[in-house]
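Before any comments, here is the structure.
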Amino acid sequence: MIRFTIETSIKGSKGRAGTIDTPHGKIQTPAFIPVGTKATVKSLTPEQVKSLGADAILANTYHLYLQPGTEVLKKAGGLGKFMNWSHPTFTDSGGFQAFSLGPAFGRRLGKIGKEEKPSFSDTSSLPNNDGDAQENEESIMAPAKIDDDGVTFKSVIDGSTHRFTPERSIEIQHDIGADIIFAFDECISPQESYTRQKAAVERTHKWAERCLERHKELKHPKYSALFGIIQGGRYEDLRRESARTIGAMNFDGFGIGGSFDKEDIGTAVGWVCEELPENKPRHLLGIGEPIDLILGIENGVDTFDCVAPTRIARNGAAYVSQRGSTSLDLARWNLAEPAKHPANGRINLLNAQFISDFTPIESGCACYTCQNYTKAYLAHLFRAKEMLAATLTSIHNLYYLVNLVKNARKAIVEGKWNEFKEKTFK
RNA sequence: GUGGCUAUGGUGUAAUGGUUAGCACUAGAGCUUGUGGAGCUUUCAGUCAGGGUUCGAAUCCCUGUAGCCACC
């Protein structure tokens, strides 16, 4: 089980600093949790992940269930022992994969909305979730069929058919054995209509009750903490209703899931956190970029996970401190016309300008990569498609985010939140 | 030296005498949010040189140049 204590709060906002005590150690919050989907943070050893400052990692139920399977995880003594990570662990429930590897697969659909809001009558071109997807030839790659009882999907590894229900997800997560596990939810595209978002919220709520029930049945002395998930897309009434409903259930903490307006992540998170009980930790699922972390913390989020730092690292991009923005209106920072801000807090190491740039990614950065390697070397490694490129850049990007959130925590504890924001994003 | 063959972006190639000279890789730029070591968008870039035939030439002819092959 876990214990959550709040140390300090930000004056005039919902943000707070605290500690989550788990059977495998403490997580000082707010915290950024690196993602290790298949029981590995891609390209990094657990020692590297720990030494860059991470307190915990988050793995994925869907992927581990398919490979290597729960029997192996059980025999290994659980996720942490299996991967030689002796610190706290999370597992995601697999609900999101029903979306990202199902109806959204190969469609360039993300969970972050960047277009105008759909009208309420909009019937998008997406297959609906009642079975039509099977008849749509576009969806043969990795279709998922969602009904009120659960999700039937095909393995992305070998095409075999599998079924997750809320109960099954909890059972699998118990076998994997993370300290913090998540309820099985339904996530849908931000382009979906209000009606469909509402239906997904209601289904997620029913599934939440079933997850809690199964979790209690499986309870043993060292059982995992279960977090319930809030849905509701970009709609305030749905988000608040979802937070009230899930918040009233007997979860150990909460996950904020689903789709957002890029411009409005902080606002949507704020709605949710206003409704949630204050004494339990809140995790923002799959977010995010540096700006999103700051907005999330300010609006009451305690922990984050996101694939972005390691994914963009593998593709040649590195986070750098923002320069040139004088706007303190963070919600509008660089977001009105992203195309006019190509740097946007990151650099692309594959750009020609770095071929002979013998300075670190960021001068003054204390990470292992910046202490020892130049952009010219990294540019070479990426062009040569050498594996070390991913490793070194992942170290920098994870350090950057983990450290950004650590500094945010420090600022909260010291009562210097506004100064921190100004200094970080000036 | 003689004869033959070949010559299209940086590389490899495609194009009945009529296409806006196509494709792939490379190169330049952008995208990536509960993982996708992937992918997508986009840009730059070419008919060896000089003549000729033709309404029209990458394509046919001549000369030159270069490379490859064969022969003394």
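Following this note's numbering, the numbering of the first sequence begins with 1013 at its first residue and continues without gaps. Note that the Cβ used here is the ideal one computed from N, Cα and C, for glycine as well. All figures in this text were calculated on a predicted structure; none of them were measured in a lab.
- By the C-beta criterion, the stretch 1365 to 1373 is judged to be in contact with the stretch 1382 to 1401, since at least 3 inter-stretch pairs fall below 8 Å.
- Shown here, Thr1403 sits in a helix according to DSSP, grouped into three states.
- Around Ser1375, the same chain offers Cys1382 as residues with beta carbons nearer than 8 Å, after the five sequence neighbours per side are excluded.
- When only Cα atoms are considered, Tyr1331 and Asn1409 end up about 6 Å apart.
- For Glu1221, the uninterrupted alpha helix (DSSP H) run begins and ends at 1206 to 1229, by DSSP.
- Classified as buried, Ser1236 has 16 or more neighbouring CB atoms from the shown chains inside 10 Å of its CB.
- Sixteen is the threshold: since fewer than 16 other Cβ atoms of the shown chains lie within 10 Å of the Cβ of Glu1434, the residue is exposed.
- By the neighbour-count criterion, in which 16 or more other beta carbons inside 10 Å mark a residue as buried, Arg1395 falls on the exposed side.
- Separation of Leu1091 and Phe1044 (C-alpha to C-alpha, rounded to the nearest whole angstrom) is 19 Å.
- Between Arg1246 and Ser1055, the beta carbon gap of about 34 Å keeps them out of contact (Cβ cut-off 8 Å).
- Taking a contact as a CB-CB distance under 8 Å, the pair Leu1076 and Leu1085 counts as one, their CB atoms being some 6 Å apart.
- Nearest Cα to Ile1309 within the set Ser1333, Ile1169, Val1417, Cys1377: Val1417.
- Taking C-beta atoms as the reference points, Thr1041 and Asp1314 count as a pair closer than 9 Å.
- Within the DSSP bridge table, the entry for Phe1176 names Val1163 as partners.
- Residue pairing by DSSP places Gln1040 opposite Thr1031 in a beta bridge.
- In summary, His1232 is exposed, with fewer than 16 beta-carbon neighbours lying within 10 Å of its beta-carbon over all protein chains present.
- Assigned with DSSP and collapsed to three states, His1295 falls in strand.
- By the Cβ rule, the stretch 1294 to 1305 does not count as touching the stretch 1022 to 1033, because fewer than three pairs are nearer than 8 Å.
- Bridge partners of Phe1266 according to DSSP: Gly1240, Arg1294.
- Setting aside the 5 residues that flank it on each side, Lys1038 is surrounded in the same chain by Thr1031, each with a C-beta closer than 6 Å to its C-beta; the list follows chain order.
- Counting only runs of 3 or more residues that sit fully inside the stretch 1056 to 1101, the beta strand (DSSP E) segments are 1069 to 1072, in chain order.
- Non-local beta-carbon contacts of His1186 in its own chain, meaning distances under 7 Å to residues more than five positions away in sequence, involve Leu1230, Ser1236 in chain order.
- Thr1164 and Arg1175 have their C-alpha atoms roughly 4 Å apart.
- Between the stretch 1252 to 1261 and the stretch 1275 to 1291, the count of Cβ pairs shorter than 8 Å is three or higher; the stretches touch.
- If you draw a straight line from the Cα of Gly1427 to the Cα of Ile1306, it comes to about 15 Å.
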